[in-house]
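Visitor: Sending over a structure as structure tokens; questions will come in a sec.
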Amino acid sequence: MIDTTPIPKFLQQEFECSLCLTFLTNPITIPCGHTFCKECILNAVKQIPRCPTCRGTITIEIKNLKENLLIKSTVNELKKHLSIADNPQKQQLENKEENNQQSEKLIILYTKEVITPYQYQRIVLEKGQFKSFPKNQELIKQIFSNIKKFVITFQSKQNQDIGYLAQLQLVQIIDGQITAQILTEDIVELSNKESTEFQLNNDGQTKYFLPIATAKILQEDYIDLNDNDTAYQISTLIQQIKDILIPFISQLVNGQSGLSLYLHQSGLVMYLNLQIEKDWKSLKRLSFLLPSLLNIDRAQKNNILSQNNCIQRLILINKSIQKFRKTQNPMLVFTMNKRSIARSPLVQILWILIPILLAYLLLQQ
Numbered sequence: 001m002i003d004t005t006p007i008p009k010f011l012q013q014e015f016e017c018s019l020c021l022t023f024l025t026n027p028i029t030i031p032c033g034h035t036f037c038k039e040c041i042l043n044a045v046k047q048i049p050r051c052p053t054c055r056g057t058i059t060i061e062i063k064n065l066k067e068n069l070l071i072k073s074t075v076n077e078l079k080k081h082l083s084i085a086d087n088p089q090k091q092q093l094e095n096k097e098e099n100n101q102q103s104e105k106l107i108i109l110y111t112k113e114v115i116t117p118y119q120y121q122r123i124v125l126e127k128g129q130f131k132s133f134p135k136n137q138e139l140i141k142q143i144f145s146n147i148k149k150f151v152i153t154f155q156s157k158q159n160q161d162i163g164y165l166a167q168l169q170l171v172q173i174i175d176g177q178i179t180a181q182i183l184t185e186d187i188v189e190l191s192n193k194e195s196t197e198f199q200l201n202n203d204g205q206t207k208y209f210l211p212i213a214t215a216k217i218l219q220e221d222y223i224d225l226n227d228n229d230t231a232y233q234i235s236t237l238i239q240q241i242k243d244i245l246i247p248f249i250s251q252l253v254n255g256q257s258g259l260s261l262y263l264h265q266s267g268l269v270m271y272l273n274l275q276i277e278k279d280w281k282s283l284k285r286l287s288f289l290l291p292s293l294l295n296i297d298r299a300q301k302n303n304i305l306s307q308n309n310c311i312q313r314l315i316l317i318n319k320s321i322q323k324f325r326k327t328q329n330p331m332l333v334f335t336m337n338k339r340s341i342a343r344s345p346l347v348q349i350l351w352i353l354i355p356i357l358l359a360y361l362l363l364q365q
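Counting from 1, one number per residue, gives the positions in the sequence shown under the UniProt record's numbering.
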């Protein structure tokens, strides 16, 4: 008899592949210590031999690595415990039932940037929400140290408040702007907004204010992936997207540009090379990932991301990329968040030396 004691979600996530977002299959642990499904990591490193998580260089043949039997055994036990079959329809129903029960009060933080679910992102937070905060950077960091889970949000066109659950990884103050490294999760609907106050442990006098709201995970419309008409529609949409985007990606790969590396690290290349039409989680992830990588205007991106139907998101994506049929330049098709790309020490030194050199040359004239 299977034990029905609930297993914490965070524990289940420890045994999920960060590339396909499902339980690890034939798990392979690479030298840096990160573990992926064998098929996922083999596809991910075909063009760029780096770990998708830490970006560390991979110098060994992945295919020669043996399966991590301890993790494989643990995953099998978890599956038995949860009675999970590889059934996308069941996953959708289970997620829907779970989401119906999830509603909590959380702090809201605002940004003007496009946010993508299920991604590590580095964003600038809007200044206006921190008027009550001290100017001291250390105190600001101390305040944020008490914020682990929150909602990052923008205002949708329909005047319906929609945001994203997020975990705060790191806060930095750069040129007077508060920059946060976050891990985004599910889309949520916000209601019952109000202001909340809190104090630092060592300061009983000064009060700081931030908005809070009731956050409820936005339900995804149920899609019957076994229905022939639905399957055909999804397959057609995915193929149309591939027909437009893959030639541009091939150009970037041949040129070995920084954008090519970025698209590989995001997981886009892997998803476009896999058959994901029957994989609910991968379809969902791709439909949220593409808007953040395409060079389309912010209104279009927000409109796509605010849809709670995977097929509708794919339809809007397909519509938005038709304009790229008229171009041959892949740099006009894709965009990347420059703040997510760390500068090497050499690049940082050049940024310092170049202005000095230019000033010297001007003085010699």
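Backbone N, C-alpha and C fix where the C-beta goes; we use that ideal spot for every residue, glycine too.
These figures come from a predicted structure and were not determined experimentally.
(1) Classify K46 as helix, strand or coil using the three-state DSSP reduction.
(2) Since L210 and I107 are thought to touch, with beta carbons under 8 Å apart, how far apart are those beta carbons, to the nearest angstrom?
(3) Would T111 be called buried (16 or more neighbouring beta carbons within 10 Å of its own) or exposed?
(4) Could I get the ranges of all uninterrupted beta strand (DSSP E) runs contained in the segment 122-195, with 3 residues as the minimum, in chain order?
(5) Just the Cα atoms here: how many angstroms apart are D161 and I182?
(6) Could you tell me how far apart the beta carbons of N287 and I317 are, in whole angstroms, since I believe they sit closer than 8 Å?
(7) If we cut at 8 Å on Cβ distances, does L274 have a partner in chain D?
(8) Can you tell me where the beta strand (DSSP E) holding F324 begins and where it ends?
(9) Is the separation between the beta-carbon of I41 and that of I30 shorter than 8 Å?
(10) My output table needs one value for T57: the three-state DSSP class, helix, strand or coil.
(11) Have a look at F15 and K127 and give me their C-alpha separation to the nearest angstrom.
(12) According to the neighbour-count rule (16 or more other Cβ atoms, all chains shown, within 10 Å of its Cβ), is G258 buried or exposed?
(13) Kindly list the residues whose CB is nearer than 6 Å to the CB of E185, restricted to its own chain and excluding five residues on each side of it in sequence; keep chain order.
(14) Pull the bridge partners of E107 from the DSSP assignment, please.
(15) Based on the DSSP output, what are the partners of E197 in its beta bridges?
(16) Do you know offhand how far Q251's Cα is from Q328's?
Guide: By the coordinates alone:
(1) Here K46 sits in coil by DSSP.
(2) 5 Å
(3) buried
(4) 149-155, 161-174
(5) 20 Å
(6) It is Ser, not Asn, that sits at residue 287 in the sequence shown. Contact flag correct, Cβ pair sits at about 7 Å.
(7) Judged by its chain identifiers, the structure shown contains no chain D, having just a single protein chain.
(8) According to the DSSP assignment, F324 belongs to no beta strand (DSSP E), since it is labelled neither H nor E.
(9) yes
(10) strand
(11) 38 Å
(12) exposed
(13) L165
(14) The displayed chain sequence assigns Ile, not Glu, to residue 107. Answer by DSSP bridge pairing, in chain order: I212.
(15) Answer is F209, bridged to E197.
(16) 9 Å
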